[in-house]
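Numbering (the UniProt record's numbering), first residue to last: 1 to 373.
Built from N, CA and C at the ideal position, the CB exists for glycine as well.
All of these numbers come straight from a predicted model, not from anything done at the bench.
Report on the structure given below.
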Amino acid sequence: MTLNVIEAENVDNVPKKGKTYVQVLVAIVANTTILTYGFQAGWVSPTTKVLQSENSPSGYPLSDYEISWIASAICLAAMFGVSLFTYIVDKYGRRVAILLTAALQAISWILKLSSAHVGVLIIARLFAGLGAGGCYNVVPMYVREISQDDIRGVLGSFIILFHNSVLCLILQEAAKTIAFLRRLDVNDKTIQTEIEYMKNQEVTYASLPKLSFKSLYQNKAWRRGFILNIILMTLRSNSGNMAVLNYAPAILKSAGVTWNPELQMLSFPAVMILASFISMSCVEKFGRKPIITISFAVAVLSHIILATTMLIQHQGGSTPGWLPVLAIVTFFAFFAGGISPMPYIIMTEMFNFQVSNFINYILAHDPDVAMNF
């Protein structure tokens, strides 16, 4: 009888992981803003051919100069978007920031559907850029805070599959929110452990001096993490993803490959989504470091093949038409599966949300990183 009581007590003391389906659903909803941004980022590539045709919806064929402004407007606005959402997420919380991101993206699509005038398209891309600053600033932070440890990497990978709110700053409401997401009782030991961790994070942050670049540099752990994130984000921003995505039609045309715009619009996202699913299934098994290392290596190899192909053609030689297609598709697959999501996952796991938010603000003013958008 005594043995049974002891066994029952031991069972009660085992931390419960809780159910994950609510966390997955919430992460999917939050990441729909990144899904929309993915459509925004890929919109220029297949649309360029239509806008420069004789039957352009703009009323006349747009010049390369006008197309370049439409393509780059999202990048220019994203620099200000990150700074804007850094302030909003601290002042009003994650939920408000995510809703505002969705609103900016909705405005962008409404403008595009309303008029094809070059000025309207540029303004629409500016709204999309502001929203992009929120996508990659707020969503990874939010997903990290709502997810339990054993699925955090998987949920964090949603960031590219789809390219804590104010409640979590109020401990009583935070307990209810976490209990709902885990599908556990609010008094469960696992929930109380999470709340204690949040309290400790708040106490630690409150005991620190006001965050500045100087305090970031003086803390050895923060300094090393900051340098690592600068390297990762700079490599990501210089991976050539936006250049290849926006000018894929021109690259393929030079290789003698002509794609239907609608087919191209579907092919690249399909490859990226497939790669994201594969990455999600591997991230916890193999770890972040191997995935991001292999992804960068394959991306470099893809660029070498693509550049060599274009150089040979420029010199009057010929290459197989499928080779540049293979290089571009391979690059996008490994960009989506490793290069794009992993730096954000690593950043949110290395720092608490206050520090990671401050680092996001600094990275937004790094020209190389900012122009990644």
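Check	Outcome
Just verifying my parser: in three-state terms, what is the DSSP assignment at serine 53?	coil
Compare the C-alpha of proline 249 against each of Val50, Ile34, Thr33 and Gly38 and name the closest.	Val50
Indicate whether leucine 104 and phenylalanine 127 have their beta-carbon atoms separated by less than 8 Å.	yes
Rounded C-beta distance between methionine 350 and glycine 225? I'm assuming under 8 Å.	5 Å
Kindly list the residues whose CB is nearer than 6 Å to the CB of isoleucine 292, restricted to its own chain and excluding five residues on each side of it in sequence; keep chain order.	Gly338 and Met342
Any idea if arginine 223 is buried or exposed, counting beta-carbon neighbours within 10 angstroms, 16 or more meaning buried?	exposed
Just to confirm, are alanine 124 and threonine 33 a CB contact at a threshold of 8 Å?	no
Identify whether leucine 326 lies in helix, strand or coil by the three-state DSSP scheme.	helix
Among Tyr60, Asp64 and Asn55, which residue has its Cα nearest to the Cα of serine 45?	Asp64
Is the beta carbon of alanine 132 sitting closer than 8 Å to the one on isoleucine 74?	yes
Go ahead and pull the three-state DSSP assignment for glycine 38.	helix
Roughly how many angstroms lie between the CA atoms of leucine 245 and isoleucine 107, to the nearest whole one?	23 Å
What are the start and end residues of the alpha helix (DSSP H) that includes leucine 84?	64-91
Return the residue from the list Thr36, Leu100, Trp69 and Gly81 that minimises the CA-CA distance to tryptophan 109.	Thr36
Using a Cβ distance threshold of 8 Å, determine whether the region 288-305 contacts the region 232-246, with at least three qualifying pairs required.	yes
In whole angstroms, what separates the C-alpha of glutamine 218 from that of isoleucine 227?	13 Å
Looking at the secondary structure, which residues open and close the alpha helix (DSSP H) in which glutamine 315 lies?	Glutamine 315 -> no alpha helix (DSSP H), and no H or E assigned at all.
Determine the direct distance from the alpha carbon of threonine 48 to that of phenylalanine 162, and round the result to whole angstroms.	With a pLDDT of 48 at phenylalanine 162, under the threshold of 50, the predicted position of this residue should be treated as unreliable, and no value is reported.
Is the beta carbon of phenylalanine 85 sitting closer than 8 Å to the one on asparagine 137?	yes
Residues in its own chain within less than 7 Å of alanine 97 by CB, not counting five upstream and five downstream?	Phe85, Ile88, Val89, Gly134 and Val138
If you compare alpha carbons, which of Ala71, Ala327 and Ile294 is closest to isoleucine 305?	Ala327
Indicate the three-state DSSP secondary structure (helix, strand or coil) for alanine 116 in the structure shown.	coil
Nearest to alanine 221 by alpha carbon, out of Ser318, Met347 and Gly42?	Met347
Classify tyrosine 60: buried if its beta carbon has 16 or more other beta carbons within 10 angstroms, exposed otherwise.	exposed
Measuring alpha carbon to alpha carbon, tell me which of Phe335, Leu62 and Leu121 ends up nearest arginine 236.	Phe335
Nearest CA to the CA of valine 325: which residue from Met233, Glu66, Val271 and Gly119?	Val271
In whole angstroms, what is the alpha-carbon distance linking serine 56 and isoleucine 294?	42 Å
Could you please give the first and the last residue of the uninterrupted alpha helix (DSSP H) stretch that includes serine 237?	220-237
Taking only the alpha-carbon atoms, compute the straight-line gap between valine 120 and phenylalanine 331 and give it to the nearest angstrom.	32 Å
CA-CA distance, phenylalanine 39 and isoleucine 122?	16 Å
For the alpha helix (DSSP H) that proline 61 lies in, which residues bound it at each end?	First-last for proline 61: undefined, no H or E at that position.
Of all the options Gln52, Ser72, Thr308 and Ser58, which has the alpha carbon lying nearest to the alpha carbon of glycine 42?	Ser72
Suppose the cutoff is 7 Å on Cβ atoms and the five residues either side in sequence are ignored; what does the same chain contact list for glutamine 315 look like?	none
Using a 10 Å radius around the Cβ and a threshold of 16 neighbouring Cβ atoms, would you call glycine 287 buried or exposed?	exposed
According to DSSP, is threonine 47 helix, strand or coil?	helix
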